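The numbering of the sequence shown is the numbering used here, which starts it at 75 and goes up by one.
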Amino acid sequence: MRTAEEWNERYGAEDLPWDTGRHDSNLERILKEFDINPCPALELGCGTGTNAIWLAGKGFRVTAVDISSLAIEKARRKASKAGTAVDFRTADILGDEIPNGPFGFVFDRGCLHSIEESGRRAAFVSTIYRQMSPAAQWLSLMGS
């Protein structure tokens, strides 16, 4: 798993092949298929905020976190330019307090699959589970 400094280097160098500037079509599809309505939402590893901003535009009250402070700076500027309210936070999911919960929806497009150690993966899942309301739904998109 990369450190905050390594992620800041990637964002500083604009080495972001995953950042297409468009919200994830799988996120849109799942919200429709599972009839997930606006609620408090948490996005993990939000990067420059594209998906968080899209969710907020759909009426979700979004808290979006990333370990990279540079990514969060970029996300805040993007949200301001879009006129969208998102609570962006620089945070390490495994060590920092996440405000505004419990959440009815959690979206992860790249965090869980980047954790290779099973003990840290279990801690991640446990941490997020504690942030969720009883009927919450969690979508993690994973790839290699």
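All residues carry an ideal CB built from backbone N, CA and C; glycine is no exception. Keep in mind the model is a prediction, meaning the values are calculated, not measured.
ask   = Quick one: is glutamate 190 buried, meaning 16 or more other Cβ sit within 10 Å of its Cβ, or exposed?
value = exposed
ask   = According to DSSP, is leucine 90 helix, strand or coil?
value = coil
inquiry  = So, with DSSP's three-state summary, where would you put arginine 76?
reply    = coil
message = Give me the residue from Glu147, Asn100, Thr122 and Thr158 with the minimum Cα distance to proline 91.
response = Thr122
ask   = Does the Cβ-Cβ distance between aspartate 161 and threonine 137 come in under 9 Å?
value = yes
request  = Grab the span of the alpha helix (DSSP H) containing leucine 186 for me, first residue to last.
outcome  = No alpha helix (DSSP H) holds leucine 186; DSSP gives it neither H nor E.
request  = Check each candidate in Gly119, Ala210, Asn111 and Arg150 and name the one with the smallest Cα separation from lysine 132.
outcome  = Asn111
query = When you compare only the Cα positions, how much space is there between proline 114 and threonine 164?
reply = 18 Å
query = Which runs of the beta strand (DSSP E) spanning at least 3 residues fall entirely within the stretch 124-165, listed in chain order?
reply = 135-140 and 161-164
ask   = Going by other Cβ atoms of all chains shown within 10 Å of its Cβ, with 16 needed for buried, is glycine 119 buried or exposed?
value = buried
key: Other residues of its chain near isoleucine 141: CB distance less than 6 Å, five sequence neighbours each side excluded   = Ala78, Trp81 and Asp166
Host beta strand (DSSP E) of glutamate 171 (start-end) = Glutamate 171 -> no beta strand (DSSP E), and no H or E assigned at all.
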